[in-house]
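A.B. asks: Chains as they are written, first to last, in the working numbering: chain A, 12 to 583; chain B, 9 to 202. Take this structure, written in structure tokens, and hold onto it; I'll ask about it next.
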């Protein structure tokens, strides 16, 4: 039995669902424009002093950073990147189910916490180009994005300026230049790798990472400091060198006095006004008390992360929207993609054994090999469309992973670990997965619910031969680059990662010009419900092969600018 | 802001792990923890979905145990594992055959944990209606889901994970095979009754 108790009738200008990359940026942009914003975050608040472990070394724990045996398998089995010191950044799978088709798994890494996945993201910040936005025109598969590079370029510049991206302008038309802080230098091994790639006619560039190599006034204002190369980014960056919404966008929004942040607020669905068919608010379950709450807003921004956003919209069924909010096209949930990796190669540079360790060896940025297939007629591959790049490097971080491969014990073991510490080198693929209608999510048709009784997603996804051909080529090319660079003891990896493992799940509420074939317009606004915007990775049309967060941030800034213009014109 | 209050809290799901043939978990009511065990003694397949029947035991913190018999756990759906599958059980070599691959081109890379490399990581069951009062638990258990995380820690648990995974693949996956399903059901029942 339920009863309702109205405590307040406050109506926010905008309710933002999610406090990660997109939600945080939307909160900053809109509060700075003068709007009153409520940010709903499903997870708890974070206390950096208590919850960040950047300065903790593995040997301080009896489990050496791996945690007690079996902890991950028992409670966070899909939270692939969670470690002993960072596990509280991730959801417990035991409370957050989802289902898959037999034989076709999907790995869904989630961070329900204030700051979201920005607390432990990979930080690589690439612009897309018209090679990606106009991929259908160039290569004949699927559809183009409804925007081109020229339209989004100014917003990339704004996003880079705010978050702080270190990198180099490499003058590659398909990997556009940007607004960068000084790049992180390549290590000796990475310079050698670059020479190996060049012998094959492949570019290797310094990564563009959202880590401060110089501090600008707007960084300093919120206490952000320069990166000191400790290599523990995933355990929580205590100095704010790594961009996350907790140290950057949310403090800026809070400083305006116009943001209310409510953690532990799990969104059940959007509420639709039956008279206007517009969204009028958000129904929430309190994570801790299980109380059912409702919040009212004039505009709703859904930025809960790609699949959570789509889940919320699919769960938002009403008489006006029986297939889920704004889903008369039945496209919502479809065209799910994730980049794939796994294929690649690793080895050692024996010539560096025993060299002195320098501070830059601790940088956690590595190298990037931009896409080199299907750029033009000369680079066209006969067996697949689109392309892939490589991430990798020859840097090491705080924990000497090479120790796992060295036998022995005592002082001789330590000597060998020190000797080989600086030698590992590796390349792993970051490849485009084609956007196909048949890869999709739906509300589990068998009625599975989460710990709060909210219907969960069923994920349907698998790779096609285009991805498999790309994976084969990538494994061969990674091995070739390492050989040309002089690496030895090379292992070539020929298995592709399970969808989801790269944590670049994208699509499912795609943008487009035609309401019959897309969910959002080119400004991330729902075609059918004009006061709802979806600003996270769900809006993606095609995955490209680059890390998505910078594009999500740029699209969010652009959507907020449009939203505010429409607000002033009273069109929303 | 509006608040909707619920008078009796509904327990939506119970998380459980294998414990031999049983599935065990904990129900938390504030700071009080109740041990929950489902002990299946039979499996059958109906309309492509398997159903376990058995006894539910709830243990209060004071050690007192409460039971409900003839409880059914009907498979709702599964979550595929992203890890390597358990090995084919040696003890079953003479009685069952593994699921066959439907993959075509062996020259291209495979996707980890997919197809013949796959296994079931979690099984979601719908429990038949339980009485919280009868089990001494302060929740409404009338519509509770049992989430069984197949994390085996012994050989027998690994064998059961293999059998449950194989049964799901041949009843609901692309390699549907009634004969194999029957053989897996027979083996599961043999283990549950041993």
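Where is the CB? At the ideal position from N, CA and C, for every residue including glycine.
Quick check on the DSSP output: what are the complete beta strand (DSSP E) runs of length 3 or more inside the region 501-549 of chain A, in order along the chain?
C.D. replies: Runs found: 543-545.
A.B. asks: When the cut-off is 7 Å and only beta carbons count, does residue 55(A) lie next to chain B?
C.D. replies: Looking up residue 55(A) in the first chain gives position 44. Chain B contact via Cβ: absent.
A.B. asks: If you count every other CB in all the chains shown that lies within 10 Å of the CB of residue 511(A), and 16 or more means buried, which is it?
C.D. replies: Looking up residue 511(A) in the first chain gives position 500. Result: buried.
A.B. asks: With DSSP as the reference, label residue 345(A) as helix, strand or coil.
C.D. replies: Mapped onto the first chain, residue 345(A) falls at position 334. Strand.
A.B. asks: Which residues does DSSP pair with residue 132(B) in a beta bridge?
C.D. replies: The residue you call residue 132(B) lines up with position 124 of the second chain. Its beta-bridge partners are 85(B) and 155(B).
A.B. asks: Between the Cα of residue 154(A) and those of 448(A), 500(A) and 546(A), spot the shortest distance and give me the residue it belongs to.
C.D. replies: Locating residue 154(A) in the first chain gives position 143, counting from the first residue. Here the closest residue by C-alpha is 448(A).
A.B. asks: According to a CB-to-CB cut-off of less than 9 Å, which residues of the region 73-105 of chain A neighbour chain B?
C.D. replies: If the cut-off is 9 Å between Cβ atoms, the region 73-105 of chain A has 81, 84, 85, 86, 88, 89, 91, 103, 104 and 105 near chain B.
A.B. asks: Work out the CA separation of residue 124(A) and residue 192(B) for me, nearest whole Å.
C.D. replies: Stepping through the second chain from its first residue, residue 192(B) is reached at position 184. Stepping through the first chain from its first residue, residue 124(A) is reached at position 113. The straight-line gap from Cα to Cα measures roughly 42 Å.
A.B. asks: Taking 8 Å as the cut-off, does the region 309-326 of chain A touch the region 114-131 of chain A (at least 3 CB pairs, one atom from each stretch)?
C.D. replies: Yes, the region 114-131 of chain A touches the region 309-326 of chain A.
A.B. asks: By a C-beta neighbour count over all protein chains shown, 10 Å radius and 16 as the cutoff for buried, is residue 499(A) buried or exposed?
C.D. replies: Position 488 of the first chain, counting from 1, holds the residue named residue 499(A). Residue 499(A) should be labelled exposed.
A.B. asks: Please state whether the Cβ-Cβ distance between residue 375(A) and residue 518(A) is less than 7 Å.
C.D. replies: Taking the first chain and counting its residues from 1, one reaches residue 375(A) at position 364. Taking the first chain and counting its residues from 1, one reaches residue 518(A) at position 507. It is not a contact, given that the beta carbons lie outside the stated cut-off.
A.B. asks: Buried or exposed, going by whether 16 or more other CB atoms sit within 10 Å of the CB of residue 30(A)?
C.D. replies: For this step, residue 30(A) is matched to residue 19 along the first chain. Residue 30(A) is buried by the Cβ-count criterion.
A.B. asks: How far does the alpha helix (DSSP H) with residue 393(A) in it reach, from first residue to last?
C.D. replies: Reading the first chain from its first residue, position 382 is the one you call residue 393(A). Here residue 393(A) belongs to no alpha helix (DSSP H), and DSSP marks it neither H nor E.
A.B. asks: DSSP beta-bridge partners for residue 56(A)?
C.D. replies: Mapped onto the first chain, residue 56(A) falls at position 45. In the DSSP output, where bridge partners are listed per residue, residue 56(A) has none listed.
A.B. asks: In the DSSP assignment, find the unbroken alpha helix (DSSP H) run with residue 178(B) in it and report its ends.
C.D. replies: Numbered from 1 along the second chain, position 170 holds the residue referred to as residue 178(B). It spans 163-180 - the alpha helix (DSSP H) in which residue 178(B) sits, taken as one unbroken run.
A.B. asks: Secondary structure at residue 270(A), three-state DSSP: helix, strand or coil?
C.D. replies: Counted from its first residue, the first chain places residue 270(A) at position 259. Residue 270(A): strand per DSSP, three-state reduction.
A.B. asks: Using only alpha-carbon positions, find the residue among 361(A), 151(A) and 158(A) that is nearest to residue 430(A).
C.D. replies: Translated into positions along the first chain, residue 430(A) becomes position 419. The shortest Cα separation from residue 430(A) among 361(A), 151(A) and 158(A) belongs to 361(A).
A.B. asks: Alpha carbons only, please: which of 524(A), 110(A), 188(A) and 116(A) is nearest the one belonging to residue 137(A)?
C.D. replies: As a working mapping, residue 137(A) is identified with position 126 in the first chain. Looking at the Cα atoms, 188(A) is the closest of the given residues.
A.B. asks: Taking the DSSP output, what are the residues bridged to residue 61(B)?
C.D. replies: The count along the second chain starts at 1 and reaches residue 61(B) at position 53. In the DSSP output, where bridge partners are listed per residue, residue 61(B) has 50(B) and 80(B).
A.B. asks: Throw me the rounded Cβ distance for the residue 343(A) and residue 462(A) pair, which I believe falls under 8 Å.
C.D. replies: For the purposes of this step, residue 343(A) is taken as residue 332 along the first chain, with counting starting at 1. For the purposes of this step, residue 462(A) is taken as residue 451 along the first chain, with counting starting at 1. Not a contact, Cβ separation roughly 25 Å.
A.B. asks: Grab the span of the beta strand (DSSP E) containing residue 64(A) for me, first residue to last.
C.D. replies: What you label residue 64(A) is simply residue 53 of the first chain in a count that begins at 1. Counting along the chain, residue 64(A) falls outside any beta strand (DSSP E), and DSSP gives it neither H nor E.
A.B. asks: If you pair each beta-carbon of the region 551-563 of chain A with each one of the region 134-148 of chain A, do three or more pairs fall below 8 Å?
C.D. replies: Short answer: they touch.
A.B. asks: Would the beta-carbon of residue 165(A) fall within 7 Å of that of residue 522(A)?
C.D. replies: As a working mapping, residue 165(A) is identified with position 154 in the first chain. As a working mapping, residue 522(A) is identified with position 511 in the first chain. It is not a contact, given that the beta carbons lie outside the stated cut-off.
A.B. asks: Could you check what DSSP says for residue 466(A) in three-state terms: helix, strand or coil?
C.D. replies: Your numbering for residue 466(A) matches position 455 in the first chain. Correct three-state label for residue 466(A): strand.
A.B. asks: Closest by CA to residue 502(A), which one among 496(A), 490(A), 508(A) and 309(A)?
C.D. replies: Within the first chain, numbered from 1, the residue matching residue 502(A) stands at position 491. Selected option, being the one with the closest Cα: 490(A).
A.B. asks: Just curious, the beta strand (DSSP E) that residue 37(B) is in, first and last residue?
C.D. replies: Mapped onto the second chain, residue 37(B) falls at position 29. Taken as a continuous stretch (DSSP letters only), the beta strand (DSSP E) holding residue 37(B) covers 30-37.
A.B. asks: When you compare the CB positions of residue 113(A) and residue 180(B), do they come within less than 7 Å of one another, or not?
C.D. replies: Here residue 113(A) refers to the residue found at position 102 of the first chain. Here residue 180(B) refers to the residue found at position 172 of the second chain. Against a cut-off of 7 Å, the Cβ pair of residue 180(B) and residue 113(A) comes out as a contact.
A.B. asks: Under 7 Å, Cβ to Cβ, is there at least one residue of chain B near residue 479(A)?
C.D. replies: Start at 1 with the first residue of the first chain, and residue 479(A) comes out as number 468. Cβ-Cβ to chain B under 7 Å: yes for residue 479(A).
A.B. asks: Run through the region 309-380 of chain A for me and flag every whole alpha helix (DSSP H) of 4 or more residues, listed as ranges in chain order.
C.D. replies: Counting whole runs of 4 or more residues, the region 309-380 of chain A contains the alpha helix (DSSP H) stretches 317-326.
A.B. asks: By the criterion of Cβ-Cβ separation under 7 Å, what are the contact partners of residue 106(B) in chain A?
C.D. replies: Taking the second chain and counting its residues from 1, the one referred to as residue 106(B) is at position 98. Result: empty, since nearest Cβ-Cβ is about 13 Å, beyond 7 Å.
A.B. asks: Mind pulling the chain A residues with CB within less than 9 Å of residue 207(B)?
C.D. replies: This structure gives no information on residue 207(B), because the portion of chain B shown stretches from 9 to 202.
A.B. asks: Does DSSP put residue 305(A) in a helix, in a strand, or in coil?
C.D. replies: In the first chain, counting from the first residue as 1, residue 305(A) sits at position 294. In the structure shown, residue 305(A) sits in a strand (DSSP, three-state: E or B).
A.B. asks: Which of the residues in the region 138-165 of chain B, read from start to end, lie with their CB under 8 Å from any CB of chain A?
C.D. replies: So the list reads 153, 155, 157, 159 and 161, given in the order they occur along the chain.
A.B. asks: Which residues in the same chain have their Cβ closer than 7 Å to the Cβ of residue 339(A), if we skip the five residues on either side of it in sequence?
C.D. replies: Position 328 of the first chain holds residue 339(A). Answer for residue 339(A): 539, listed in chain order.
A.B. asks: So which residues on chain A does residue 64(B) lean against when the C-beta distance must stay under 7 Å?
C.D. replies: On the second chain, position 56 is the one that residue 64(B) refers to. None at all; the shortest Cβ gap to chain A is about 19 Å.
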